[in-house]
Structures are given as C-alpha cells and as structure tokens.
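Asks:
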Amino acid sequence: MKGLKASRLRQARAIGPRLGEQAEAGWGFHKQWRDLCGSNHPCSAVSSGLFMIALGANPSLCHQIQIKKLGFFFAVILSYKYSRLAERETGGRTSKLKMDLIRSRFVLFGDSITEQSFRSGGWGAALANTYARKADIIVRGYGGYNTRWALFLLNRIFPLNCPGAPAVTTVFFGANDAVILGRISEKQHVPTEEYKQNLREIVHHLKDCSPTMLVILITPPPVDENGRDEYARSLYGDKARKLPERTNEMTGVYANKCIELAQELNLPYIDLWSHMQETVGWQKKFLSDGLHLTPEGNAVVHTEVVRVLHNAGLRPEDLPYDFPHHSQIDGKDFDKAFKPMN
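This is the structure:
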C-alpha cells in the first residue's frame with residue numbers, strides 16, 4: 001500500500017509540468033533566447049507582453065506560456081504583436097514584470113460542494129458579498145473529485161514561484177473519498193490513511209506556494225442516508241441502487257482524519273460533520289439530497305469560514321478598499337482621491 005501511494009504521488013508530481021508548472025526559465029522564456037535579446041530587441045517583450053496578457057485573463061496562465069516550443073523566429077513575431085497589444089492595454093508599462101495585487105485572493109478548493117458555492121444562496125457567493133471590494137473570492141471546485149485526483153491539479157491552480165499567491169485557501173474534500181467500496185461510486189473511494197496523506201500533500205504544496213498563506217481545512221458534511229435513497233429513487237425509480245454509496249458513520253471517520261491532520265499541522269479547521277448534526281432536523285434543513293447543501297447549509301459554511309477568518313485577523317472591516325470609497329471623492333477635486341495610486 002505504501003508503495004502504491006508513493007507511486008501515485010510521484011505520478012502526480014510527474015504530470016505537474018504538463019499542467020502548468022514553471023518552465024525552465026521563468027514565465028516560459030527560454031534562457032538561450034533571453035540571453036540573446038537586448039532591451040530594445042522585439043524579443044525582449046516576450047516575457048512581459050505575453051505575461052501581462054495572460055494575467056489579464058487568468059493569473060494561473062502565467063506558467064502556461066512556453067515560448068521555448070515555438071521556435072526563435074516565431075517567438076519574435078509573436079512577441080512583437082502581443083507586446084504592442086499589451087503596451088496599448090497597459091499604457092506602455094509592459095516592461096515591469098510585476099503584478100501589484102490590489103485585492104487579496106481567497107481560493108476555495110474542493111469538490112462539488114465548493115463548485116456549487118456560487119449558486120444562489122451559496123457559501124462562496126455569500127463570502128464574496130462579505131468581502132466585497134476587499135478580497136477576490138476564487139472558486140476552484142471540481143464535482144466528483146477526491147483528494148487523490150486533486151493532487152494532479154495543484155501545480156496548475158497553485159503554481160510555485162508565481163506572483164500573487166492566495167492569501168487564504170479553503171481545502172474542502174472528503175465527501176467523495178468516503179464512498180464505500182463495492183458500491184456504484186466506488187471509483188471515487190480513497191482509503192482513510194491515504195486521504196489524510198493526500199490532504200497533507202495539498203497543505204505542504206500550498207505552504208510551499210506561500211508560507212504565509214492561511215490554509216483552512218473543512219471536513220465533509222454529514223450524510224443523510226435516507227435523503228440519498230430518496231434522491232436516487234426520484235431519478236431512477238425502481239432501478240435506483242439498493243445499497244447506499246455513502247454512510248454518515250464512514251464519512252465521520254474521514255472527518256476525524258481531516259481534524260487529526262489540522263491539529264498535527266496547527267491549522268484552523270471547520271468540523272462541519274459534527275457541527276451540522278448539533279441541529280435538530282439537520283438532514284432536511286442543511287442537505288438538499290442527503291449530501292449537497294441547501295441555502296441553510298451553505299449559510300452554516302459561510303458563517304464558519306467567516307469566523308475562522310475573523311480569528312485570523314482578516315475581518316472585512318479591517319481590510320482596505322481596493323479603490324477609494326465614493327465618500328472620499330471630492331466632486332470638485334476628484335483626481336485628488338486617486339493620486340496616491342499613481
């Protein structure tokens with residue numbers, strides 16, 4: 001088993017470069033060509049021009065620009081075209097390979113419960129409202145994923161040595177890892193000890209990305225087995241599965257492993273599995289299909305995440321606005337409010 005886990009971890013690391021790991025000379029700009037290019041050469045804009053455009057679309061793209069694969073002549077043509085475009089878009093300041101993040105970034109990393117968090121009444125949407133103009137809430141949720149598969153995403157979502165690492169990341173996996181072997185969804189099953197080790201690998205990667213990043217572990221929510229059965233029968237009628245693919249008891253084992261790791265690494269955590277069950281009628285109040293969250297269930301997650309952020313000194317009222325509040329803008333001398341930015 002240990003050999004199998006080590007093999008999977010090696011596999012995840014090996015595939016990393018194909019999923020966006022940094023190329024051999026920062027931003028994919030091959031060192032041979034970098035050394036050939038003077039400051040006035042069109043090629044000198046490859047890293048700055050393409051980098052600025054990539055950031056404009058998505059900061060995670062900064063590691064996907066691999067100029068070394070294009071060929072020198074093609075790179076020069078592309079660099080001239082894109083650097084001129086970037087120059088127009090940035091007022092001619094494309095020479096600065098620097099990203100000044102005005103807002104902090106909070107990344108929500110998890111499975112479908114995270115993916116759905118920006119639906120109406122979702123906990124991610126509520127968090128974005130709570131931190132409006134203070135932090136960007138970025139959802140990286142992947143329905144059906146377990147921690148084993150999540151390892152393959154780390155280098156793409158959280159590239160090492162990339163400017164603008166998140167200030168906060170929530171890690172919310174376990175609902176799929178806890179699927180029971182021999183049942184309909186068994187491909188998602190991950191043994192408990194591997195689940196804990198996978199979470200450890202995720203945390204270590206995040207801390208390598210930024211030692212100051214606040215990492216919050218969230219346990220899977222409880223499972224309402226009757227609710228799952230009702231949901232399956234509503235979809236498939238008599239053809240619905242006869243045995244549950246998840247049980248609340250087994251999910252609780254995974255929740256405890258998540259808490260164990262958080263305590264070992266001295267990380268903040270949210271024991272959603274226990275906390276939700278403290279409410280009478282939690283099965284229908286918090287879960288829409290025995291697993292995913294109702295608006296009330298989402299509200300619980302939002303409240304708990306905000307509580308942890310408050311305890312970490314990240315209360316929204318203590319964070320600065322990205323740009324001046326309208327009350328600070330003088331209608332007759334409005335440019336004064338924006339001078340500190342220039």
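According to this note's numbering, the stretch in the sequence shown is residues 1 to 342, in order. Positions of the beta carbon are idealized from the N, C-alpha and C atoms, including for glycine.
Can you look up S274 in the DSSP assignment and give me helix, strand or coil?
Replies: Counted from its first residue, the sequence shown places residue 274 at position 274. Helix at S274.
Asks: In terms of DSSP beta bridges, what is R119 paired with?
Replies: Locating residue 119 in the sequence shown gives position 119, where the first residue counts as 1. Its beta-bridge partners do not exist; DSSP assigns none.
Asks: Rounded C-beta distance between T170 and G110? I'm assuming under 8 Å.
Replies: Translated into the one-based positions of the sequence shown, residue 170 becomes position 170. Translated into the one-based positions of the sequence shown, residue 110 becomes position 110. That pair is a contact at about 7 Å.
Asks: Kindly give me the distance between the Cβ atoms of Y254 and Y195, rounded to whole angstroms, as I take these residues to be in contact under 8 Å.
Replies: By one-based count along the sequence shown, residue 254 stands at place 254. By one-based count along the sequence shown, residue 195 stands at place 195. Their Cβ separation, rounded to whole angstroms, is 6 Å, which keeps Y254 and Y195 in contact under 8 Å.
Asks: Taking its Cβ as the centre, do 16 or more other Cβ atoms sit within 10 Å of Y321, making it buried, or is it exposed?
Replies: The sequence position of residue 321 within the sequence shown is 321, counting from 1. Classification of Y321: exposed, given that the 10 Å Cβ count is below 16.
Asks: Would you say E304 lies against chain E (beta-carbon separation less than 8 Å)?
Replies: Given the protein chain composition of this structure (a single chain), no chain E is represented.
Asks: How far does the beta strand (DSSP E) with F106 in it extend, from its first residue to its last?
Replies: One-based indexing of the sequence shown puts residue 106 at position 106. Its beta strand (DSSP E) spans residues 104 to 110.
Asks: How many angstroms separate the CA atom of K367 from the CA atom of P340?
Replies: This structure leaves residue 367 out entirely; the chain is present only between 1 and 342.
Asks: Report the CB separation of A312 from L214 in whole angstroms; it is logged as a contact under 8 Å.
Replies: Counting from one through the sequence shown, the residue named residue 312 turns up at place 312. Counting from one through the sequence shown, the residue named residue 214 turns up at place 214. 5 Å between Cβ atoms; contact.
Asks: Under the rule that 16 or more other beta-carbon atoms within 10 Å means buried, what is G182, buried or exposed?
Replies: Residue 182 sits at position 182 when you count from the first residue of the sequence shown. With fewer than 16 other Cβ atoms within 10 Å, it is exposed.
Asks: From the DSSP output, in three-state form, read off F334 for me.
Replies: Here the question's residue 334 lines up with position 334 in the sequence shown. Residue state, collapsed to three classes: helix.
Asks: Where does D322 fall in DSSP's three states?
Replies: Here residue 322 corresponds to residue number 322 of the sequence shown, with the count starting at 1. Three-state result, D322: coil.
Asks: What distance in whole Å lies between the Cβ atoms of G164 and R105, which are believed to be in contact at a cut-off of 8 Å?
Replies: Start at 1 with the first residue of the sequence shown, and residue 105 comes out as number 105. Start at 1 with the first residue of the sequence shown, and residue 164 comes out as number 164. Their Cβ separation, rounded to whole angstroms, is 7 Å, which keeps R105 and G164 in contact under 8 Å.
Asks: Can you tell which of P295, A135, K336, F158 has its C-alpha closest to the C-alpha of R380?
Replies: Since the displayed the chain opens at 1 and closes at 342, residue 380 lies outside it and no answer follows.
Asks: So H292 packs on I113, CB below 8 Å; how close in whole Å?
Replies: As a first step, residue 292 must be located in the sequence shown, where it is residue number 292. As a first step, residue 113 must be located in the sequence shown, where it is residue number 113. Right, the Cβ-Cβ distance comes to about 6 Å (below 8 Å), so this counts as a contact.
Asks: Determine the burial state of H189: buried for a count of at least 16 other Cβ atoms within 10 Å of its Cβ, exposed for fewer.
Replies: What you label residue 189 is simply residue 189 of the sequence shown in a count that begins at 1. H189 is buried by the Cβ-count criterion.
Asks: Tell whether a beta-carbon distance below 8 Å holds between L272 and T219.
Replies: Counting from 1 along the sequence shown, the entry for residue 272 is found at position 272. Counting from 1 along the sequence shown, the entry for residue 219 is found at position 219. Contact flag set, yes.
Asks: Determine the direct distance from the alpha carbon of L314 to that of A23, and round the result to whole angstroms.
Replies: Working through the sequence shown from its first residue, we reach residue 23 at position 23. Working through the sequence shown from its first residue, we reach residue 314 at position 314. Confidence in A23 is poor, its pLDDT being 34 and thus under 50, which makes the residue's placement unreliable; the coordinate value appears in the next sentence. Each residue's alpha carbon lies about 34 Å from the other.
Asks: Since L267 and V203 are thought to touch, with beta carbons under 8 Å apart, how far apart are those beta carbons, to the nearest angstrom?
Replies: Working through the sequence shown from its first residue, we reach residue 267 at position 267. Working through the sequence shown from its first residue, we reach residue 203 at position 203. Indeed they touch by this definition, with Cβ atoms about 7 Å apart.
Asks: Comparing alpha-carbon positions, which option in G122, G143, R148 lies nearest I137?
Replies: The residue you call residue 137 lines up with position 137 of the sequence shown. Among G122, G143, R148, the Cα nearest to that of I137 is on G122.
Asks: Using only the alpha-carbon positions, how far apart do N248 and A337 sit?
Replies: In the sequence shown, residue 248 corresponds to position 248, counting from 1. In the sequence shown, residue 337 corresponds to position 337, counting from 1. Spanning the two alpha carbons is a distance of roughly 55 Å.
Asks: Report the residue from R307, L309, W282 whose alpha carbon sits nearest the alpha carbon of G297.
Replies: Position 297 of the sequence shown, counted from the start, is the residue given in the question as residue 297. Of R307, L309, W282, the residue nearest in Cα terms is W282.
Asks: Less than 8 Å separating the beta-carbons of V139 and L160?
Replies: The residue labelled residue 139 in the question sits at position 139 within the sequence shown. The residue labelled residue 160 in the question sits at position 160 within the sequence shown. No.
Asks: If G290 and G227 are in contact, beta carbons under 8 Å, what's the gap, nearest whole angstrom?
Replies: The count along the sequence shown starts at 1 and reaches residue 290 at position 290. The count along the sequence shown starts at 1 and reaches residue 227 at position 227. Between G227 and G290 the Cβ distance is about 3 Å, and since that is below 8 Å, they are a contact.
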